[in-house]
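**Q** Residue numbers (this note's numbering): 39 to 478. My questions will all concern the structure given below.
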Amino acid sequence: MAWSKAQTVVDVHSHIITSSYRTMLKAHGTEMEEGFPLPKWEAERQLAFMDKAGIKTAVLTMSAPQPYSEKAGEAAACIRKVNEEAAAVKAAHPGRFLFCAALPLPDVASALREVAYAMDTLHADGIKLATNNRGQYLGDPALEPLMAELNRREAVVILHPHRPLPYSEALMKGLPLAMQEYLGETTRAVANMIVHNVMGRYPAIKFVVPHCGAYMPIAIPRMKSLAGVMQAGGLIGEIDWEKSLGSLYYDLAGSHSAEAVRELLTITTPDHILYGSDYPYVAADVLEKSLQRMRQYLSESTSLARYGEMFLHGNAERLFKLSPGAQPKAVAADSMLIRLSEIEVYPEYVEEYLKYSATVGRESVEKEPGVICIFPMQEQEDRCQIRIVEIYRSQEAYKKHIASKHFQHYKQGTLKMVKSLKLVDMHSLDPEAMPLIFNK
Numbered sequence: 039m040a041w042s043k044a045q046t047v048v049d050v051h052s053h054i055i056t057s058s059y060r061t062m063l064k065a066h067g068t069e070m071e072e073g074f075p076l077p078k079w080e081a082e083r084q085l086a087f088m089d090k091a092g093i094k095t096a097v098l099t100m101s102a103p104q105p106y107s108e109k110a111g112e113a114a115a116c117i118r119k120v121n122e123e124a125a126a127v128k129a130a131h132p133g134r135f136l137f138c139a140a141l142p143l144p145d146v147a148s149a150l151r152e153v154a155y156a157m158d159t160l161h162a163d164g165i166k167l168a169t170n171n172r173g174q175y176l177g178d179p180a181l182e183p184l185m186a187e188l189n190r191r192e193a194v195v196i197l198h199p200h201r202p203l204p205y206s207e208a209l210m211k212g213l214p215l216a217m218q219e220y221l222g223e224t225t226r227a228v229a230n231m232i233v234h235n236v237m238g239r240y241p242a243i244k245f246v247v248p249h250c251g252a253y254m255p256i257a258i259p260r261m262k263s264l265a266g267v268m269q270a271g272g273l274i275g276e277i278d279w280e281k282s283l284g285s286l287y288y289d290l291a292g293s294h295s296a297e298a299v300r301e302l303l304t305i306t307t308p309d310h311i312l313y314g315s316d317y318p319y320v321a322a323d324v325l326e327k328s329l330q331r332m333r334q335y336l337s338e339s340t341s342l343a344r345y346g347e348m349f350l351h352g353n354a355e356r357l358f359k360l361s362p363g364a365q366p367k368a369v370a371a372d373s374m375l376i377r378l379s380e381i382e383v384y385p386e387y388v389e390e391y392l393k394y395s396a397t398v399g400r401e402s403v404e405k406e407p408g409v410i411c412i413f414p415m416q417e418q419e420d421r422c423q424i425r426i427v428e429i430y431r432s433q434e435a436y437k438k439h440i441a442s443k444h445f446q447h448y449k450q451g452t453l454k455m456v457k458s459l460k461l462v463d464m465h466s467l468d469p470e471a472m473p474l475i476f477n478k
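Have a look at this one:
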């Protein structure tokens, strides 16, 4: 299927850059702290880009660097002003903008006051957190009161990399932060939250990891493989992998591609991937062409085509509780979807995984009319190699399936068990015979 520009894309990664923010940074000489100049931003210019690209709604967050001052209250006042300006933009353009409020960290007490004001008075749609604030990384014990409050509010939290401290000035001149270090910085912060079991203890927070997940598709398998050794040596505590990975969403801002999306699908599920632009740091015409390419590879890829609606707007609509508009169908309502899941399970989890997969297969077929078959199998020569044949009546049936309680229980329960996952979409050579073979 080819999607048109009329599709209502939701962009979860864009930045508001106001004059008050610029003035604060200029006063403290930190305009170039991240190694590159701040681009121009105006709401009307962003709306023009959105209209041309086919983006219905964009989520605004404060940019990097994070305002900071030794003078008590100065940074908090600036951040309060930016949040109020973002709220005003949202109010002036209903349905076109959401915003996630910035917080005056590392001052946790001030941050808690801003959470209350932003979410209760300004009606912020979530919170934006920097990976670190003056060296205070996400996962730091000092942030526990903040995490508890965000968990109580079941907040959406958009993460964004910021310059680490200390950092080599000489290195940054030749290798700007955005080219590589931002990916390392994001991975560092998320990994620190995982080893401190932040998501396990605060599972109601939904964290959005930027830039195609940074290095997380590489880091997660390594962390899993070394966790047991590190725990045995007393270097880290217990990690709830199910809740940790289940709380993470990923935006596609940056150099997204079909290959990058497939890499993400080795550590997450299709319902946790979101479109992001990084406007205005990337030029509008470049972003428009990038979104066109994304529509193209999503429509042409046999393994990704069915997820196009989810990535471009459906997942974000659910995450931010938006009312979805009319959604184009990626396949005809009566077309069956057939997939082979190729899964490698860690040896110590094989038996437990088989129980999970058998249970979800049985419950899905029994409870969901749209699920024709979920049939797990195990290779005879390698017991860690699992294959699952999945057949659904339609894409709509598949979407309902992955939102079901029994699938979510299976997903959260088995994330830590899976070493690798490959989803292979199949095409029936005799579609007319399929209903006869699988007759419910």
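C-beta: ideal position from N, C-alpha, C; glycine also.
Going by DSSP, which residues form a beta bridge with GLU380?
**A** To locate residue 380, count along the sequence shown from 1; it is residue 342. Bridge partners of GLU380: ARG425 and LYS460.
**Q** Could you give the residue range of the alpha helix (DSSP H) that holds VAL267?
**A** On the sequence shown, residue 267 is found 229 positions in, with the first residue counted as 1. Per DSSP, VAL267 belongs to the alpha helix (DSSP H) from 254-270.
**Q** Out of GLU71, ALA139, ALA321 and THR99, state which residue places its alpha-carbon closest to the alpha-carbon of PRO214.
**A** Position 176 of the sequence shown, counted from the first residue, corresponds to residue 214. Nearest of GLU71, ALA139, ALA321 and THR99 to PRO214, Cα basis: GLU71.
**Q** Tell me the rounded alpha-carbon separation between GLU187 and ALA149.
**A** On the sequence shown, residue 187 is found 149 positions in, with the first residue counted as 1. On the sequence shown, residue 149 is found 111 positions in, with the first residue counted as 1. So the two alpha carbons sit approximately 11 Å from each other.
**Q** Is the number of C-beta pairs between the stretch 319-328 and the stretch 273-286 that are closer than 8 Å three or more?
**A** Contact between the stretch 319-328 and the stretch 273-286 is absent, because fewer than three Cβ pairs lie under 8 Å.
**Q** Ignore the nearest five residues each way along the sequence and tell me which others in ILE55's own chain have a CB closer than 6 Å to its CB.
**A** For the purposes of this step, residue 55 is identified with residue 17 of the sequence shown, where counting begins at 1. Cβ neighbours of ILE55 beyond the five flanking positions: LEU76, TRP79 and SER101.
**Q** State the Cα-Cα distance for the pair LEU453 and ARG431, rounded to the nearest angstrom.
**A** For the purposes of this step, residue 453 is taken as residue 415 along the sequence shown, with counting starting at 1. For the purposes of this step, residue 431 is taken as residue 393 along the sequence shown, with counting starting at 1. So the alpha carbons of these two residues sit roughly 26 Å apart.
**Q** Let's test the definition: count the other Cβ atoms within 10 Å of the Cβ of ASP289 and tell me whether it reaches 16, buried, or not, exposed.
**A** The count along the sequence shown starts at 1 and reaches residue 289 at position 251. Result: buried.
**Q** Is the Cβ-Cβ distance between VAL47 and ILE93 less than 8 Å?
**A** Start at 1 with the first residue of the sequence shown, and residue 47 comes out as number 9. Start at 1 with the first residue of the sequence shown, and residue 93 comes out as number 55. Result yes, Cβ atoms of VAL47 and ILE93 sit closer than 8 Å.
**Q** Below 8 Å on the Cβ atoms is my guess for MET464 versus LEU378; work out the distance and round it to an integer in Å.
**A** Numbered from its first residue, the sequence shown carries residue 464 at position 426. Numbered from its first residue, the sequence shown carries residue 378 at position 340. Contact flag correct, Cβ pair sits at about 6 Å.
**Q** Closer than 6 Å by C-beta to SER339: which residues in its own chain qualify, once you throw out the five before and the five after it? Chain order, please.
**A** On the sequence shown, position 301 is the one that residue 339 refers to. So the list reads ALA296, once near-sequence residues are dropped.
**Q** What ranges does the beta strand (DSSP E) occupy inside the stretch 164-239, keeping only unbroken runs of at least 3 residues that lie completely in it?
**A** Runs of the beta strand (DSSP E) inside the stretch 164-239: 164-168 and 194-198.
**Q** In or out: GLU276 buried (at least 16 other Cβ within 10 Å) or exposed?
**A** Along the sequence shown, one-based indexing puts residue 276 at 238. Exposed, by the Cβ-count rule.
**Q** With a threshold of 16 other CB atoms inside 10 Å of the CB of VAL267, please say whether the residue is buried or exposed.
**A** Working through the sequence shown from its first residue, we reach residue 267 at position 229. Classification for VAL267: exposed.
**Q** So, THR87 versus TYR387, is the Cβ gap smaller than 8 Å?
**A** Against the sequence shown, residue 87 aligns to sequence position 49. Against the sequence shown, residue 387 aligns to sequence position 349. In the sequence on display, residue 87 carries Phe and not Thr. No; because the gap between Cβ atoms is not below 8 Å, this pair is not in contact.
**Q** In angstroms, rounded to a whole number, what distance separates the CA positions of GLY177 and ARG226?
**A** Numbered from 1 along the sequence shown, position 139 holds the residue referred to as residue 177. Numbered from 1 along the sequence shown, position 188 holds the residue referred to as residue 226. Their Cα atoms are separated by approximately 10 Å.
**Q** Any idea which residues DSSP pairs HIS294 with across the strands?
**A** Counting from 1 along the sequence shown, the entry for residue 294 is found at position 256. For HIS294, which the question treats as bridged, DSSP gives no partner whatsoever.
**Q** Starting from SER52, trace the beta strand (DSSP E) in both directions and tell me its first and last residue.
**A** Translated into the one-based positions of the sequence shown, residue 52 becomes position 14. Where SER52 is concerned, the enclosing beta strand (DSSP E) stretches over 47-54.
**Q** Could you spell out the range, first to last residue, of the beta strand (DSSP E) harbouring THR95?
**A** Here residue 95 is taken as the residue at index 57 of the sequence shown, counted from 1. Start and end: 93-100.
**Q** Which stretch, first to last residue, makes up the beta strand (DSSP E) that contains MET332?
**A** Sequence index remark: in the sequence shown, residue 332 carries index 294 (1-based). Counting along the chain, MET332 falls outside any beta strand (DSSP E), though it belongs to the alpha helix (DSSP H) covering 322-338.
**Q** Just tell me which of MET210, ARG191 and THR224 has its CA closest to the CA of ALA252.
**A** Walking along the sequence shown from the start, residue 252 turns up at place 214. Answer by Cα proximity: THR224.
**Q** Starting from GLN433, follow the alpha helix (DSSP H) in both directions and report where the run begins and ends.
**A** The count along the sequence shown starts at 1 and reaches residue 433 at position 395. Unbroken alpha helix (DSSP H) run through GLN433: 433-440.
**Q** What is the rounded straight-line gap between the Cα of SER395 and the Cα of PRO414?
**A** Indexing the sequence shown from 1 puts residue 395 at position 357. Indexing the sequence shown from 1 puts residue 414 at position 376. If you take the alpha carbons of SER395 and PRO414, they lie about 7 Å apart.
**Q** Closer than 8 Å is the cut-off here; do at least three beta carbon pairs connect the stretch 243-251 with the stretch 297-316?
**A** These segments touch.
**Q** How big is the Cα-Cα spacing for GLN365 and THR99?
**A** Taking the sequence shown and counting its residues from 1, the one referred to as residue 365 is at position 327. Taking the sequence shown and counting its residues from 1, the one referred to as residue 99 is at position 61. Residue placement at GLN365 cannot be trusted, given a pLDDT of 40 that sits under 50; what the coordinates show is reported in the next sentence. Between GLN365 and THR99, the C-alpha separation is close to 27 Å.
**Q** Do ILE426 and ILE381 have their CB atoms nearer than 8 Å?
**A** Along the sequence shown, read from residue 1 onward, the residue named residue 426 stands at position 388. Along the sequence shown, read from residue 1 onward, the residue named residue 381 stands at position 343. In contact: ILE426 and ILE381 (Cβ atoms closer than 8 Å).
**Q** May I ask you to report which of helix, strand or coil DSSP gives LYS405?
**A** Along the sequence shown, one-based indexing puts residue 405 at 367. In this structure, LYS405 counts as helix in the three-state DSSP scheme.
**Q** How long is the line joining the alpha carbons of ALA91 and LEU136, rounded to whole angstroms?
**A** The sequence position of residue 91 within the sequence shown is 53, counting from 1. The sequence position of residue 136 within the sequence shown is 98, counting from 1. Near 18 Å, if we compare the C-alpha coordinates of LEU136 and ALA91.
**Q** State yes or no: is the C-beta of HIS131 within less than 8 Å of the C-beta of LYS166?
**A** Translated into positions along the sequence shown, residue 131 becomes position 93. Translated into positions along the sequence shown, residue 166 becomes position 128. No; because the gap between Cβ atoms is not below 8 Å, this pair is not in contact.
**Q** Using a Cβ-Cβ cut-off of 7 Å (strictly less than) and excluding sequence neighbours within five positions of ALA180, which residues of its own chain qualify?
**A** Along the sequence shown, one-based indexing puts residue 180 at 142. Within the same chain, ALA180 has close Cβ partners VAL146 and GLN174.
**Q** To the nearest whole angstrom, what separates the beta carbons of MET374 and ILE429, a pair I think is in contact under 8 Å?
**A** Within the sequence shown, the letter at position 336 stands for residue 374. Within the sequence shown, the letter at position 391 stands for residue 429. Contact holds; Cβ gap of about 6 Å.
**Q** In whole angstroms, what is the alpha-carbon distance linking MET348 and LEU209?
**A** Position 310 of the sequence shown holds residue 348. Position 171 of the sequence shown holds residue 209. The alpha-carbon atoms of MET348 and LEU209 are separated by roughly 39 Å.
**Q** Buried or exposed, going by whether 16 or more other CB atoms sit within 10 Å of the CB of SER328?
**A** Within the sequence shown, numbered from 1, the residue matching residue 328 stands at position 290. Under this definition SER328 is a buried residue.
**Q** What did DSSP end up calling ALA343 once you bin it into helix, strand or coil?
**A** Within the sequence shown, residue 343 is the residue found at index 305, counting from 1. Helix, per DSSP.
**Q** Pick out whichever of ASP309, THR61, ALA229 and ASP89 has its Cα sitting closest to the Cα of ALA113.
**A** As a working mapping, residue 113 is identified with position 75 in the sequence shown. It is THR61.
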